[in-house]
Each structure stands twice: as structure tokens, then as C-alpha cells.
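K.L.:
Okay, handing you the structure first.
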Amino acid sequence: MEGSLCDLPAGLRGDYAAAGPDFTLPQDWAAYTPADHATWRTLYARQAALLPPHAATAYREGLARLDFTAGVPDFAEATARLRAATGWSLVAVPGLLPDDAFFAHLAARRFPVTRWIRRPEELDYIVEPDIFHDAFGHVPLLTQPDFARFLEAYGQLGDAAARIGALKPLARLYWHMVEFGLIREGGAIRAYGAGILSSSAETLHATTGAAARRLRFDLRRVLRSDYFIDHLQPTYFVIDDFSKLFGAMRDLPAQLAAARDAAPIPPGAAAPGDQPIP
Ligand SMILES: [Fe+2]
């Protein structure tokens, strides 16, 4: 697929000139410096310390299986382990991708991972997703079969959503259920979303914060729910099982069209039919 840069923000950090038509480039793992690996280990140690009570079991099992402890992960090694688990692979990219290129990768069970890592002075906040967000946040859950099938099906619906003018509701699904998803395990609310698990502040706010609104997953509600891109989320959606996400994909084509024509729900607002999770 021939991607286009036209729907990307200006001034992105990555080396887009070095990427191919599908926006991939070699990871060039040998080029990471000792400082890059040290930054990775600092971020890893800090987040890993928070995980046991707050991260979903499937996420923690996936992270252990991938063994990202030593430094910046080598995508070839991670791909070998992912292939064995769910058939997914990792590809290196300069950063954010145009929608069509992103959907094409997911539909082919390729997860695009940003090649570069943040600078030491950016440990706590970064404007664009880097390799720590993408690899630490997203990749462990790709070992979970139902989640992996969901993400593949998500990519496959991208073109159809674009044709009917429903990319916005489709993006809301990714935001709420891939970046900021929660799952109920026993009596506990745990995080599996990458935007939560790659941020210490969001991990605590999402799972235990008194100010966060946690609602039972409802596809129609998610597709209409706007969000903040630069604040802690005011509202999260909670699944009971990863099969619920894949199961919802059956209804997605019809629901995308309905959500496109419905009024958006502002970030943090209540809506009729909301089912708060205690
Ligand atoms: Fe992400």
C-alpha cells in the first residue's frame, strides 16, 4: 500500500526520508548507544515496579515471555517469540503513521514500533510515542490470542471505515480499548492499555484514582466518546475478558455508521445507560 504523509502532524522527530513506501525501515539494533539502553532500563525498572497489582495478568505474562529487561529490545528476537504465540511480528517505523499504512500493518499482523527512544530529560513526558511506549506498552498484549485477533480485525476494517467517513469513531475504539483499556480480574480493576502501562501517573489514576470514571465496556458508547490527548483520561472502559473485544467486532461495521451520525460524548461526561464499575 502506498501511504501518504498528508494526515500526519508536521515536525515529527523520526527519519521519514529513510522509510520505505510502507513506512518501515531497518531497526538497526546495533546503533542504539549505551545511553539509549540505560534510558530503556530506567523506564523499564520504574514501570515494572508498579505492575504487579495494577497490570492485567495477560500483559504481565506477555512481558515476562518477551524478556525486555536487558535494554532496548531487538525486534527480530521479539518477533520470533510473538510468532510462536500469535503469529504477529514487529516492524520498525520512524514514528506515527498515516491511517492507511497503520491499518495495513495491523491487518497483516505486523505491529509498527517506533525505532527511536526518548532523551534522558524526557523520562516523564514525551509528545510523540517512542519505542518505550510502543514496545513496552503495546507488544506484551500481542501474545494474548483474543486481543491479537481483535487488533488484526481492527486493521482489516480501516479501509471500510475510511470509505464511509467513520475514521473518527474507529480511532475512539483504538484510543479507549487499546491505549486506555481496563479489565476486571476477580475483584480488581487492572490495566492492559499501552497508554496507561507506559505512564506511572496514568497507571495509578486509571486503576485506583477516585476521580476516574470506570464504565462497563459498551461498543456504542466507546465509539461516541471523545477523549483528551494530553491529560489523564477522565473516563475508562472495563472489559471482563479479551474475547469481549474480538466479539464486538461483529457489530462494528453497523455501529461505525451509527456513531458517525450521532452526537459525540465530551471527555468525562456521563451518558444515559452508563454502567459504572464499583
Ligand atoms: Fe500507543
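Residue numbers (the numbering used here): 38 to 315.
Positions of the beta carbon are idealized from the N, C-alpha and C atoms, including for glycine.
#1: Using a Cβ-based criterion (distance less than 7 Å to any ligand heavy atom), does G174 qualify as near ligand 1?
#2: Give the C-beta separation of D183 and S280 to the nearest angstrom, bearing in mind that I take them to be a contact with Cβ-Cβ under 8 Å.
#3: Taking 8 Å as the CB-CB limit, is G48 close to chain D?
#4: Is it buried or exposed for E239, if we count other Cβ within 10 angstroms and need 16 for buried?
#5: Just to confirm the assignment, what range does the alpha helix (DSSP H) spanning S237 have?
#6: When you compare only the Cα positions, how much space is there between M38 and A141?
#7: Helix, strand or coil for A228, going by three-state DSSP, please let me know.
#8: If you reduce the DSSP assignment to three classes, tell me which class P313 lands in.
#9: Can you give, in chain order, each stretch of the beta strand (DSSP E) that sits fully within the stretch 162–241 and has at least 3 residues?
#10: State the CB to CB distance for the pair R83 and S237, rounded to an integer number of angstroms; the pair is presumed to be in contact (CB under 8 Å).
#11: Quick one: using the 10 Å Cβ neighbour count with 16 as the cut-off for buried, is G40 buried or exposed?
#12: For the stretch 212–225 against the stretch 293–311, are there 3 or more C-beta pairs whose distance is under 8 Å?
#13: Just list the beta strand (DSSP E) runs in the stretch 245–298, keeping only unbroken ones of 3 residues or longer that don't cross its boundaries, in chain order.
#14: Please return the same chain residues whose Cβ sits closer than 7 Å to the Cβ of I233, not counting the five positions on each side in sequence.
#15: Hey, would you say the C-beta of A138 is under 7 Å away from at least one heavy atom of ligand 1?
#16: May I have the straight-line CA-CA distance separating P304 from A208, to the nearest angstrom?
#17: Can you tell me which of the three DSSP states R78 falls into?
#18: Given a cut-off of 8 Å, decide if D111 and W66 are closer than it, judged by their beta-carbon atoms.
#19: Within this structure, are the beta carbons of R155 and D167 separated by less than 8 Å?
#20: If you run the structure through DSSP and keep just helix, strand and coil, what is F140?
#21: In terms of DSSP beta bridges, what is A129 paired with?
#22: Put R102 into one of helix, strand or coil per three-state DSSP.
#23: Report the option in Q312, P206, G223 and I276 whose CA atom is closest to the CA atom of Y264.
#24: Work out the CA separation of A101 and D288 for me, nearest whole Å.
#25: Under 8 Å, do A178 and G124 count as touching if we go by C-beta distance?
#26: Pick helix, strand or coil for A300, following the three-state DSSP scheme.
#27: In angstroms with no decimal places, state the Cα-to-Cα distance between R15 and G224.
#28: Since G132 and G246 should fall inside the 8 Å C-beta cutoff, what is the C-beta to C-beta distance between them, to a whole number of angstroms?
P.N.:
Reading from the atomic positions:
#1: On the sequence shown, position 137 is the one that residue 174 refers to. True, at least one ligand heavy atom lies under 7 Å from that Cβ.
#2: Numbered from its first residue, the sequence shown carries residue 183 at position 146. Numbered from its first residue, the sequence shown carries residue 280 at position 243. 5 Å between Cβ atoms; contact.
#3: Included in the structure is just one protein chain, with no chain D present.
#4: Here residue 239 refers to the residue found at position 202 when the sequence shown is read from its first residue. Under this definition E239 is a buried residue.
#5: In the sequence shown, counting from the first residue as 1, residue 237 sits at position 200. Run containing S237: S237 to T245, per the alpha helix (DSSP H) assignment.
#6: Position 1 of the sequence shown, counted from the start, is the residue given in the question as residue 38. Position 104 of the sequence shown, counted from the start, is the residue given in the question as residue 141. Bear in mind that the predicted position of M38 carries a pLDDT of just 35, short of 50, making it unreliable; the figure below should be weighed with that in mind. When rounded, the distance between both Cα atoms is 7 Å.
#7: For the purposes of this step, residue 228 is identified with residue 191 of the sequence shown, where counting begins at 1. Here A228 sits in strand by DSSP.
#8: If you number the sequence shown from 1, residue 313 lands on position 276. In the structure shown, P313 sits in a strand (DSSP, three-state: E or B).
#9: 219–222 and 225–228
#10: Position 46 of the sequence shown, counted from the first residue, corresponds to residue 83. Position 200 of the sequence shown, counted from the first residue, corresponds to residue 237. With 8 Å as the limit, R83 and S237 qualify as a contact, their Cβ atoms being about 6 Å apart.
#11: Position 3 of the sequence shown, counted from the start, is the residue given in the question as residue 40. With a pLDDT of only 43 at G40, under the threshold of 50, the placement of this residue in the model should not be trusted; the figure read from the coordinates follows. Flag for G40 reads buried.
#12: no
#13: 250–253 and 272–276
#14: Residue 233 sits at position 196 when you count from the first residue of the sequence shown. The residues are F217, E239, T240 and A243.
#15: Position 101 of the sequence shown, counting from 1, holds the residue named residue 138. Outside the cutoff, so no.
#16: Position 267 of the sequence shown, counting from 1, holds the residue named residue 304. Position 171 of the sequence shown, counting from 1, holds the residue named residue 208. Whole-angstrom Cα-Cα distance: 14 Å.
#17: As a first step, residue 78 must be located in the sequence shown, where it is residue number 41. Residue state, collapsed to three classes: helix.
#18: Sequence index remark: in the sequence shown, residue 66 carries index 29 (1-based). Sequence index remark: in the sequence shown, residue 111 carries index 74 (1-based). Their beta carbons are under 8 Å apart, which means W66 touches D111 by this criterion.
#19: Counted from its first residue, the sequence shown places residue 155 at position 118. Counted from its first residue, the sequence shown places residue 167 at position 130. A contact, by the Cβ cut-off of 8 Å.
#20: Start at 1 with the first residue of the sequence shown, and residue 140 comes out as number 103. Looking at F140 - three-state DSSP - the assignment turns out to be helix.
#21: Your numbering for residue 129 matches position 92 in the sequence shown. Answer is V150, bridged to A129.
#22: On the sequence shown, position 65 is the one that residue 102 refers to. R102 falls in the helix class under three-state DSSP.
#23: For the purposes of this step, residue 264 is taken as residue 227 along the sequence shown, with counting starting at 1. Ranking the options by Cα distance to Y264, first place goes to P206.
#24: As a working mapping, residue 288 is identified with position 251 in the sequence shown. As a working mapping, residue 101 is identified with position 64 in the sequence shown. Their backbone Cα atoms lie some 34 Å apart in a straight line.
#25: Stepping through the sequence shown from its first residue, residue 178 is reached at position 141. Stepping through the sequence shown from its first residue, residue 124 is reached at position 87. Reading the sequence as shown, one finds Leu at residue 178 and not Ala. No, the pair does not count as a contact, with Cβ atoms beyond the cut-off.
#26: Counting from one through the sequence shown, the residue named residue 300 turns up at place 263. Three-state result, A300: coil.
#27: The shown model of the chain, from 38 to 315, leaves out residue 15, and the question about it has no answer.
#28: Residue 132 sits at position 95 when you count from the first residue of the sequence shown. Residue 246 sits at position 209 when you count from the first residue of the sequence shown. Contact doesn't hold; Cβ gap of about 30 Å is too wide.
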